[in-house]
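Student: Numbering (this note's numbering), first residue to last: 2 to 197. All C-beta atoms in this analysis are idealised placements derived from N, C-alpha and C, irrespective of residue type, glycine included.
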Amino acid sequence: MNLKNIVASGFLLIGCGVYALDFSPASVGSKRGFASLHIGGTYAITQNTSRDYKSERGAVIFGIKRGLALGQQRKMLLNAWLDGSAGKENRNGLYGFSLGGQVGYRLFNGRIIAHLGGGFELQNLAIPEISTQRNQYSIYGGLVNAEIFLDIAKGYGLSVGYRRGFRYQSGKSELNHMRFNNDVFIVSFSYYAFSI
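1) Relative to the C-alpha of Asn-125, which residue among Asn-183, Lys-155, Ser-139, Gly-119 is closest?
2) For Tyr-192, which option in Gly-64, Ala-81, Asn-183 has the closest C-alpha, if you only look at C-alpha atoms?
3) Could you give the distance in angstroms between the alpha-carbon of Leu-117 and the alpha-carbon of Ala-147?
4) Among all the DSSP beta bridges, which residues are the ones paired with Val-1?
5) Tell me the DSSP bridge mates of Asn-110?
6) Buried or exposed, going by whether 16 or more other CB atoms sit within 10 Å of the CB of Gly-23?
7) Look at the alpha carbon of Phe-47 and the alpha carbon of Ile-114, and state the distance between them as a whole number of angstroms.
8) Run through DSSP, which three-state label would Gln-124 get?
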């Protein structure tokens, strides 16, 4: 057997293996419920409204969604989400917790799912410039988000999202005059299960 035949046989075997995999989107049954799980990374840019403070930090994110698929073809989605993020950055690291609701739509037979929503977020803020006993503060506020999910195979896929938090505030007296905006970029591996 020569090299040409070996290479051709290898491509044939690889082609058969790829053909045997099922790359169809997640199927939707008769039940209306669905759930989603995602694990990935975030990149957060936090700055105050006067723009004299700016922090850029990364973190790992883990989240779940639970909702309803509506309509005859179950294309319209309503869901609640809950997620948390944690990372080691600066002195105190980064943690965040958010929850909210979303409206979504299944496009191209579920190959792409688009979401828009809003919610609430709590996260820490490290400000070493303020000389007190503690250099860690929490800020909280409302947010809006947009997300696109690409179903690669049977509900497993990739999500890309953006969140914008507006005028976050802190309960600490040292920061009661400051407001913060938060831009978060999210990339995650996700799994969607319908008919739950």
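Tutor: Working from what's here:
1) Ser-139
2) Gly-64
3) 5 Å
4) No answer is possible for residue 1: the residues shown for the chain start at 2 and end at 197.
5) None; Asn-110 has no bridge partner.
6) It is Asp, not Gly, that sits at residue 23 in the sequence shown. Result: exposed.
7) Contrary to the premise, residue 47 reads as Thr rather than Phe in this sequence. Whole-angstrom Cα-Cα distance: 28 Å.
8) strand
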